[in-house]
Each structure stands twice: as structure tokens, then as C-alpha cells.
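To keep things clear, I will list the structure first and then write my remarks on it.
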Amino acid sequence: MTANGELSPDTFAAFYELLKPFNKTGVDLKPETRFSEDLNFDSLVVMEFVATVEDRFDISVPMNILPDIATIQHLGLAVEKIVKAAKG
Amino acid sequence: MAGIFDRFANLVAQRQAMLDEGGSDPFQVRMDEVLSQTEAIIAGKRTILCGTNNYLGLTFAPEALKAAHDALDAFGTGTTGSRVANGTYSGHKDLERTLCEFFNKDSAIVFSTGFLANAGVLSTLMGPGDFILMDADCHASIYDGVRASSAEIIRFKHNDAADLDKRLARLADKPGNKLIVIEGIYSMLGDKAPLKDIVAVKKKHANTFLLSDEAHSVGVLGRYGRGLPEEAGCEDDVDFIVGTFSKSVGTVGGFVVSSYPNFDMLRLVCRPYIFTASLPPSVVASARVNLGLIKNGGALRTRLMRNAKALHNGLTEAGLKLASDISPVVAVVAPDPQTAIAFWRGLIDAGVYVNLALPPATPYGYSLLRCSLCAAHTEEQLREVVAIFTTVATNLGLIERRTPRVALG
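Heads up: the protein sequence lines correspond to chains D and A, in order.
Here numbering that gives the first Met the number 0 is used: the first residue of the first sequence is 0, the next is one more, and so on.
Here numbering that gives the first Met the number 0 is used: the first residue of the second sequence is 0, the next is one more, and so on.
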């Protein structure tokens, strides 16, 4: 994802909570933490995590953007964008 | 420099570990002789086939064999061409007409496999600005198909019509078309889509269409074997039905049927239709005959469901954990992949073939011994399958060893 900008502290805090049950090896979570390399997520776990994010924020995250999502920051910014668009 | 397969290192290591344990390789089974729809010779041993998706047992139907032989002699071993070049014979058109009559739809397009039918239809049906809402548990061919589509792809929770409704509502102000994608019967656990609920949701939203992949339900559900839409009484509300000839129809190939106006134009844009050789004439001929047998196959469906019930009940009574309700797919749950592999090997060594299904190909991370029933299974064969499952599971410590009852006095 090429979107720049800072993840809002609220979004990161929400992700921090959501990631707890997925963070099996107790990785220190930062915005730049990578799902695949750092958290050892396979594509299926990524999908599962995205589903919990969708529930939490009451949005749909299109699958099309997933190839560009590598870090918490990427997904967080994408979620913020979708939430903003939904509010109009 | 990195090797080109380095990124698969984990997979290769897992596979090697499995082979190092010794025993047969679950993903390299070889059948040296096929004795019938329900038995084959594997590794020199007579083996009961209980995982071939051959639900109605039509692979040796005499009428289909004869039609295939005749077509083979008359038209040769293959068409050597695509449907849009030299690969459309009268048989292909006859088969498409038969499909239209079978499903009572205006158009039918035959593909060379079910996978290609999904890949072709899902990549082309929706375009830029449109939306595809797919059940999260859909088959790999649906995932690959939608990935090649220029529509926006949204997954909804498996069999959850309320979740689908919520997601469609979020798109209410978007002008594009919306396509819901589901399966009649899901392959791993044999569970059916809540079709009536999904149709109700579809009707609530504008510009919304429904596609159902009936790969595992054609031949199995409905009085005339037309799948879940027939059983649920909502055939007119399913806009597109995708299916395969490689399960109940007993051969290979795929299709899509629809009454949507000008549906046939997909032939001009579906790359998996245009750039693949068409089905051999013998395959086409046997598919056509077997569709007729399916239509009049009420007795076969009765036997299939009787067998489904017998295996389900037998395995449940033995104390095994099942992830399926009574259905032609019976999913026995093993606690982890290693145990599942050992379980599978125990079964094959004792003469029962089932599918080993491991995550990530399974829902909920299940490690499964996936069985599928055939109308041609005999009661005796199923008793043997249950007995072998029981012995293997007992040896693995998954169920308690039963103390033989001793008559007193």
C-alpha cells in the first residue's frame, strides 16, 4: 500500500486489542509490524483477522486490497479510509 | 542468489517430515485397477473407495459407456481444438441443449472442467464498479475466478445471510451490479447454503444477482437432481448455476446455465472457454446420457441418502467426532494434522480410501478424514468401513477400547 500518513492512536489501540488472540508468539506490536514475516500469519489467518477487523469497525474490507497489505499500518490506514468513506 | 523455490521451503519441509514417518503418501495414491464404482486395487490391495465424489455411481453406467464408445469410434479420441475454433462438435451442442432442458434455463455453456467454468464465469460476469459478495468458504476455483475479475470482492461469513445483508446494505448507494456467490453443498463439511434466506436478502437489494456452484449438489438434491435450488424451491431466483460433470455426472467437464438475456455472449470473453481445448467427444456423450439418468435417478438418490445416514450413524455410534450432519459428505475430525495423516494411513492399509483434508484447505482449521458416499455402496461395504474406522481410531487412542461384553452365569 502506498498510502502515507500516520495511523491514529485510536485505530492502533483497536488493532492492538484485536491482534492479541492472534499474536501467538508474543511479538511486540508496532504499526510497522508485518503480518507475514513478524506475526507468521499465512493467507488464511490474514483473512480471519480481516474478518474480525470488519466486525469491530462494521465495514467490509475488499479482498482486492489485501495483496498490498503487509503491515498493521497498511491495514489500519485502509480501514480508516473505508470508515471515513462510509460516514460520507 | 535465492533459489526460485525458496519461498516454498516450509511446505517442502512439512511434506518431507510426513514422508519420513514412513507409510503411503496421501497425496500420491495410485489406483492400479478400478474394480467398480466403489472398489479399486491400491498398492496391491482391494480397497473400498469412500472418497471419490462419485455420488450416484454413474462412472460405469452401461448406457453411458455405450454412448462414450460410440462417440469415440465416430469422432475420435479428442477435438484438438478450442470451442471457438475446431472444438465444437454436434455432441457439444447436444450436451448444451440437454443442460438447458435439464435445468429449464435458456442458455448453457460447457467448459472443459468445473474449475474452468468458475474461473471463466466469475472473472467476466462482473466488471469495474461492480461487486462480488462471496461466501468465505467458497472453493479455490471461485477464489481464483474472482481474483481475475475487475469487480470489488467482498467476503461474507459462511452461510450467514444476515452478514450478507449487512454488507449489501453498505453498498446501497453504489450504482454497480452486485453478484452473490455461494455453493449448494460445501465440499469439506457437506453443509448446505441457507438458500431461501439468501434469496430473501438478494430480493431486498437492487441490482443484485445470485450465482450458485452446484458441483456437489447436482444429482444429489432435488426430486430431479437439479441441486439445492430445486430442493429449496427457488430455481427462478438463482440467476446463474455453475456445475461440474466430475462428481455425480461421473466424467469430467464444467458448465454454467442461465436465463439472463444474451448470456451466450460470455463465450466471446471467457478466456478459460476460448483458450482451452474442448472436451473429448466420448466424455461429452457420457455426460449427456448420465444427465438423463440423474433426472430419473430418484432411486439412486434414495440409496445415496440411506448410505449417508448409515455411515454417519455408524461412525457416530463408534464414538468418532464428525463435523458433518447427515449428508453424502462425512467429515471425521482428527485432533491435528499428524494424527490425521496416521489415521489416513491406517485406513488405507486396512483397505479404505477416503480424502485426507488438512488446513488451509479446510474450514475452522479442521484436520479431516473426508468421506463421500456412493449410491452403489452396499450395506456390507459400509459396515466394513465403520469397522475399520473404529479399529484405526482405537489404535490411535481417539476412541476408547470397548470392553467385550461377557455373558454372566
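Cβ atoms here follow ideal geometry from the backbone N, Cα and C, with glycine treated the same way.
Predicted, not measured: the structure shown is a model, and the values here were computed from it.
### Task
Drop a sphere of 10 angstroms on the beta-carbon of A:Tyr363, count the other beta-carbons inside from all chains shown, and report buried for 16 or more, exposed for fewer.
A residue is called buried once 16 or more other Cβ atoms fall within 10 Å of its Cβ, and A:Tyr363, having fewer, is exposed.
### Task
Consult DSSP for A:Phe239 and reduce its assignment to one of helix, strand or coil.
strand
### Query
Leaving out five residues before and five after A:Lys320 in sequence, what residues of the same chain have Cβ atoms less than 6 Å from its Cβ?
Val332
### Query
What's the gap between the Cα of A:Thr275 and the Cα of D:Gln72?
42 Å
### Query
Nearest to A:Arg344 by CA position, among A:Ala307, A:Leu314, A:Asn394, A:Glu151, is which residue?
A:Asn394 is the residue among A:Ala307, A:Leu314, A:Asn394, A:Glu151 whose C-alpha sits nearest the C-alpha of A:Arg344.
### Task
Could you tell me the boundaries of the beta strand (DSSP E) in which A:Met30 lies?
That run of the beta strand (DSSP E) goes 30 to 35.
### Message
Does the beta-carbon of A:Gln15, which I'm using as the reference point, lie nearer than 7 Å to any heavy atom of the ligand SAH?
### Response
Here there are no bound small molecules, and the ligand SAH is not part of this structure.
### Range covered by the alpha helix (DSSP H) that runs through A:Ala12
Its alpha helix (DSSP H) spans residues 8 to 19.
### Query
Can you name the start and end residues of the beta strand (DSSP E) that A:Thr51 belongs to?
Here A:Thr51 belongs to no beta strand (DSSP E), and DSSP marks it neither H nor E.
### Query
Of all the CB atoms in chain D, is at least one closer than 8 Å to the CB of A:Glu182?
no
#### Entry: Every unbroken beta strand (DSSP E) inside the segment 158 to 183 of chain A [3 residues or more]
Every beta strand (DSSP E) stretch that sits fully inside the segment 158 to 183 of chain A and reaches 3 residues is listed by chain position as 177 to 182.
### Task
Give a yes or no on whether the minimum CB-CB distance between D:Ser59 and chain A is below 8 Å.
yes
### Task
Find the residues of chain D that neighbour A:Arg166, judging by a C-beta separation of less than 8 Å, and give them in chain order.
By Cβ distance, chain D contributes Ser59.
### Query
Excluding sequence positions up to five away, which residues of its chain have a Cβ less than 7 Å from the Cβ of A:Tyr185?
Asp136
### Task
Taking only the alpha-carbon atoms, compute the straight-line gap between A:Leu292 and A:Glu62 and give it to the nearest angstrom.
9 Å
### Query
Shorter than 8 Å from the beta carbon of D:Asp37 to some beta carbon of chain A?
no
### Query
Which residue's Cα is closest to the Cα of A:Ala307: A:Glu399, A:Lys294, A:Leu188?
A:Leu188
### Query
If you check the beta carbons only, do A:Ser111 and A:Gly144 fall under 8 Å apart?
no
### Query
Alpha carbon to alpha carbon, how far is A:Ala150 from A:Asn312?
Rounded to the nearest whole angstrom, the CA to CA distance from A:Ala150 to A:Asn312 is 44 Å.
### Task
To the nearest angstrom, report how far apart A:Thr76 and A:Glu383 are at their CA atoms.
39 Å
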